[in-house]
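> Going from the sequence shown to our numbering is simple: count from 1 and add 6.
Every residue gets a Cβ at the ideal spot worked out from N, C-alpha and C, and that includes glycine.
As the structure is a prediction and not an experimental result, all values here were calculated from the model.
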Amino acid sequence: QTGSANTNPSDSADDEYITNVSIGTPAQVLPLDFDTGSSDLWVFSSETPKSSASGHVTYSPSKSSTAKKLSGASWSITYGDHSSSSGDVYTDKVTVGGFSVSSQAVESATKVSTQFVQDTVISGLLGLGFDVGNTVKPRAQKTWFSNAANSLAQPLFTADLKHQQTGSYNFGFIDTTLAKGPIGYTPADGSEGYWGFTATGYSVGGAKLNRNSITGIADTGTTLLLLDDDVVNAYYNNVESAQYDDSQQGVVFDCSEDLPSFSFGVGGTTITIPGSLINLTPVSDGSSTCFGGLQSSADIGINIFGDVALKAALVVFDLGNERLGWAQK
Ligand SMILES: N#Cc1c(N)n[nH]c1N1CCCC1
7 QTGSANTNPS
17 DSADDEYITN
27 VSIGTPAQVL
37 PLDFDTGSSD
47 LWVFSSETPK
57 SSASGHVTYS
67 PSKSSTAKKL
77 SGASWSITYG
87 DHSSSSGDVY
97 TDKVTVGGFS
107 VSSQAVESAT
117 KVSTQFVQDT
127 VISGLLGLGF
137 DVGNTVKPRA
147 QKTWFSNAAN
157 SLAQPLFTAD
167 LKHQQTGSYN
177 FGFIDTTLAK
187 GPIGYTPADG
197 SEGYWGFTAT
207 GYSVGGAKLN
217 RNSITGIADT
227 GTTLLLLDDD
237 VVNAYYNNVE
247 SAQYDDSQQG
257 VVFDCSEDLP
267 SFSFGVGGTT
277 ITIPGSLINL
287 TPVSDGSSTC
297 FGGLQSSADI
307 GINIFGDVAL
317 KAALVVFDLG
327 NERLGWAQK
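In structure tokens:
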């Protein structure tokens with residue numbers, strides 16, 4: 007068995023990607039942010055304060071004949087950007103791309119932070135990280151993918167995110183026609199709950215890859231490519247107008263710049279991010295100053311291959327073999 011779901015950028019900056027998920031009986035369809043960097047499936051619900059839920063599609067367990075309260079269970083999560091949410095837990099049928107998990111932990115939000123209240127295009131997150139990262143207490147719950155894995159044709163999923171176009175999350179199969187190059191596989195470290203891996207080197211503007219390895223995570227829930235300062239500087243030294251903008255909290259440059267590509271080696275293959283994907287968006291509507299898609303990870307303490315990097319590749323999240331596959335597209 008397999009599943010295939012379309013995913014769409016939330017706005018003109020590809021800030022996040024929205025995927026519809028069916029929860030309960032009859033189906034309640036919620037737009038969720040699929041996040042390989044976390045491991046909770048949580049939603050805005052009938053239990054979310056009305057003022058916070060305004061503008062959001064919500065899940066009502068009382069309207070689902072298959073919903074069951076998970077007695078005594080609670081959850082609370084804080085993300086790296088300091089956004090947070092918490093609440094209680096139900097189990098219900100959850101269908102993604104036509105594949106159903108009959109009893110999935112659906113974490114209902116009784117509290118959500120301002121960032122989520124304001125982000126009305128999503129109704130929550132579907133974590134695709136490792137189960138060790140799940141925040142439900144007293145007993146951690148499995149992710150939707152973890153519950154699905156044994157019934158899928160293969161215990162893997164792929165992410166095909168695109169710039170300003172519809173992409174896909176496929177479950178249980180690899181559609182190699184989505185890629186232009188071979189899939190390079192490398193071991194994945196799930197011990198922290200993330201999909202950790204090591205790139206073997208990098209280069210700017212089509213030069214030969216160096217041998218400076220980069221260890222980081224493949225994270226669909228992060229917009230940017232966040233790397234060490236020495237890598238960021240090596241890149242922007244090639245961008246004449248690049249400067250650090252305190253108010254924007256990042257490197258900006260003239261939108262008219264012809265940006266170099268950024269390449270990294272992984273699993274014996276090379277993934278090249280075209281410069282166009284690194285010109286993320288004007289700092290404000292109509293501005294001729296643009297914000298960089300490559301920024302420093304120094305304040306985070308972990309390198310994050312977020313959507314800017316993922317948009318250049320077909321990425322295979324292979325749980326069965328504890329490995330990540332990257333293919334140029
Ligand atoms: N910060 C952060 C973060 C991350 N590294 N992966 N997913 C994240 N979020 C999902 C929703 C809010 C933040």
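#1: Buried or exposed, going by whether 16 or more other CB atoms sit within 10 Å of the CB of S293?
#2: How far does the alpha helix (DSSP H) with S71 in it reach, from first residue to last?
#3: Once you ignore the five residues that flank D137 on each side, which residues in its own chain have a CB closer than 7 Å to its CB?
#4: Which runs of the alpha helix (DSSP H) fall wholly inside the segment 118–163 and span at least 4 residues, in chain order?
#5: What residues match up with P193 in a beta bridge as DSSP calls it?
#6: Within its chain, find whatever has a CB closer than 6 Å to the CB of E22; leave out the 5 residues flanking it on each side and keep chain order.
#7: Given T204, which residues of its chain have a CB within under 6 Å of its CB, disregarding the five upstream and five downstream residues?
#8: Any idea what DSSP makes of D41, helix, strand or coil?
#9: Could you tell me the alpha carbon to alpha carbon distance between N51 and T228, rounded to whole angstroms?
#10: Should the segment 190–200 be regarded as contacting the segment 310–329, the criterion being three or more beta carbon pairs within less than 8 Å?
#11: Check whether the Cβ atoms of L167 and D313 sit closer than 8 Å, and answer yes or no.
#12: Cβ-heavy atom distance between D225 and ligand 1 below 7 Å?
#13: Do you know whose CA, among Q110, V142, T172 and A33, lies nearest A11's CA?
#14: Tell me V237's beta-bridge partners as DSSP assigns them.
#15: When you compare the CB positions of I277 and S267, do they come within less than 8 Å of one another, or not?
#16: Take every Cβ of the segment 178–185, pair it with every Cβ of the segment 236–254, and state whether three or more of those distances are shorter than 8 Å.
#17: In chain order, what are the residue ranges of uninterrupted beta strand (DSSP E) at least 3 long that sit wholly in the segment 198–238?
#18: Tell me the rounded alpha-carbon separation between D291 and F297.
#19: Roughly how many angstroms separate the alpha carbons of P32 and Y175, rounded to a whole number?
#20: Candidates A73, A315 and S91: which alpha carbon is nearest Y208's?
#21: So what's K99 in DSSP terms, helix, strand or just coil?
Judging by the given coordinates:
#1: exposed
#2: No alpha helix (DSSP H) contains S71, which DSSP labels as neither H nor E.
#3: S45, A146, K148, T149 and S152
#4: 120–124 and 150–155
#5: R329
#6: S16 and D39
#7: For T204, the CB contacts under 6 Å within the same chain, skipping 5 residues up- and downstream, are S219 and T221 in chain order.
#8: strand
#9: For clarity, residue 51 is Ser in the given sequence; the question names Asn instead. Distance between the alpha carbons of S51 and T228 is about 24 Å.
#10: yes
#11: yes
#12: Yes - ligand 1 has a heavy atom lying nearer than 7 Å to the Cβ of D225.
#13: T172
#14: DSSP, once it has assigned bridges, lists no residue as partnering V237.
#15: no
#16: no
#17: 202–205, 207–210, 220–224 and 231–233
#18: If I take the Cα positions, the gap works out to 12 Å.
#19: Our two residues, P32 and Y175, have alpha carbons roughly 24 Å apart in a direct line.
#20: A315
#21: strand
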